[in-house]
Structure formats: C-alpha cells, structure tokens
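A.B. asks: Here it is: the structure, laid out below.
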Amino acid sequence: MRRAVFLDRDGTLNEEMGYVNHVSRLRMLPGAAEAVRLLNSAGWAAVVVSNQSGVGRGYFPERVLTEVEEAMVNDLAAGGARLDALYYCLHHPEAKLAAYRRRCECRKPQPGLIRRAAQELDLDLARSWLIGDRLLDIETAHGAGVRGVLVLTGYGRGEHEHLLPASTVQPDHVAEDVLEAVRWLLGQGGA
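All letters in the sequence shown, in the order written, are residues 176 to 366 by the working numbering.
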C-alpha cells in the first residue's frame with residue numbers, strides 16, 4: 176500500500192477565485208507543479224479531492240470541469256508532475272439541478288472521496304496526508320483517518336487567523352503554500 180497526499184484543488188493547487196467556470200480562469204499557484212513532482216519522485220500518490228458544486232448549482236456544465244481538469248493536468252505535466260487521480264463531488268444539498276441535489280458521503284467534510292481513492296488506488300490512509308486551504312479540508316482529513324496540513328494560500332490565511340483559534344478542528348501542521356507543505360512532509364513530517 177502506498178502513502179498518498181490528497182490535495183484540495185482551488186486555493187491549494189490553483190488560485191482561489193470562486194467558481195472556475197471557464198478554463199481561462201484556471202491559474203496554477205507558484206510551486207504547485209514542483210510540489211506534485213516531489214511527491215512523484217518520492218513514490219507518494221498525488222490525488223486531488225475537491226468539492227465542485229458549481230455543476231450541480233447550474234453555474235457551468237460538467238464539460239467545463241473536464242476542460243479545467245485537462246488544463247490543470249497539462250500545466251502540471253509541463254512542470255514534470257503528474258497526478259495519480261482526481262476525485263470530485265458535484266453534489267450539494269441545495270443544488271439547482273435535481274440530479275446533483277442530495278447529501279452524500281463524497282462532499283467534503285465527509286470522507287467519501289478519500290475512502291474511494293484509498294480503495295481504488297490501494298492507499299495506506301494511516302500514513303497519508305491531506306493538504307488544503309480550509310478547515311473543512313482538515314476536518315475531512317481527520318474524518319478519513321489521515322493527517323492534515325493547512326496552507327495559507329486561498330482561504331487559508333484568513334481561516335488560520337480568524338477561525339482556527341476557536342475551532343475544534345486543528346491542523347497537524349501549517350505551511351505557507353503547497354510546496355512548503357510537501358517539502359516539510361517529505362523532510363520530516365510525513366513519518
């Protein structure tokens with residue numbers, strides 16, 4: 176069984192800008208490709224887990240999500256990096272489109288995406304991590320039995336400053352960005 180780093184997408188790998196409703200809005204964060212490349216070199220699985228309720232809310236069709244995914248994979252590949260898999264939750268309890276309107280086990284903070292990835296990719300959750308920019312990501316990590324790193328990109332800095340002090344959900348580590356988080360994990364913290 177392999178170790179994995181589960182990566183939130185928006186605010187962690189790419190700029191947080193609300194809904195990425197067109198491929199032209201995808202802007203990868205500096206260091207994202209290097210972070211994934213380091214995971215690849217170390218033999219860790221790199222797996223995206225992301226809520227993408229914009230589809231269910233009717234903000235954009237599912238094909239846009241596919242186009243954005245392809246652009247992200249290509250951007251990472253240009254930096255010598257590859258993702259092992261990408262898992263998305265398109266559901267929301269108040270989705271405009273009935274097919275996506277439900278409570279589910281895959282919408283973070285539920286652990287369904289991570290559990291599915293672990294089963295399909297033969298991953299060792301006890302030795303795995305999730306990196307994300309929201310306390311919701313850390314809650315997801317802990318609910319799935321993995322440790323969590325909060326990055327200060329995206330919503331992270333605000334959540335760290337304003338929400339973390341009173342939160343019952345605490346990250347196992349805080350890093351400036353995904354590259355610093357991965358370097359820390361591979362250097363000392365991932366044991």
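Even glycine gets a Cβ: it sits at the ideal position worked out from N, Cα and C. These numbers were taken from a predicted model, which means no experiment stands behind them.
Residues in the same chain with beta-carbon distance under 8 Å from Glu-295, minus the five sequence neighbours each way, listed in chain order, please.
C.D. replies: Ala-260
A.B. asks: Nearest by alpha-carbon distance to Pro-236: which of Lys-271, Val-180, Ala-292, Met-192 is it?
C.D. replies: Comparing alpha carbon positions, the residue from Lys-271, Val-180, Ala-292, Met-192 closest to Pro-236 is Lys-271.
A.B. asks: Contact between the stretch 295 to 310 and the stretch 323 to 334: three or more CB pairs below 8 Å?
C.D. replies: yes
A.B. asks: Evaluate contact between the stretch 210 to 219 and the stretch 341 to 360, counting only Cβ atoms and requiring at least three cross-stretch pairs below 8 Å.
C.D. replies: yes
A.B. asks: Here's a check: name, in chain order, each residue in its chain whose Cβ is nearer than 7 Å to the Cβ of Asp-299, leaving out the five neighbours to either side.
C.D. replies: Met-176, Arg-177, Arg-178
A.B. asks: Any heavy atom of the ligand NAD closer than 7 Å to the beta-carbon of Asp-347?
C.D. replies: The ligand NAD is not part of this structure, which contains no ligands at all.
A.B. asks: Can you tell me which of the three DSSP states Ser-136 falls into?
C.D. replies: The question about residue 136 has no answer, for the chain in this structure spans 176 to 366.
A.B. asks: Excluding the five sequence neighbours on either side, which residues of its own chain have a C-beta within less than 8 Å of the C-beta of Leu-338, listed in chain order?
C.D. replies: Leu-310
A.B. asks: From Ala-301 to Arg-277, what distance separates their C-alpha atoms?
C.D. replies: 29 Å
A.B. asks: In this structure, what does DSSP give as the bridge partners for Leu-381?
C.D. replies: With the chain covering 176 to 366 only, the question about residue 381 has no answer from this structure.
A.B. asks: Assign Thr-315 to one of two classes, buried (16 or more other C-beta atoms within 10 Å of its C-beta) or exposed (fewer than that).
C.D. replies: Burial of Thr-315 is indicated by the presence of at least 16 other C-beta atoms within 10 angstroms of its C-beta.
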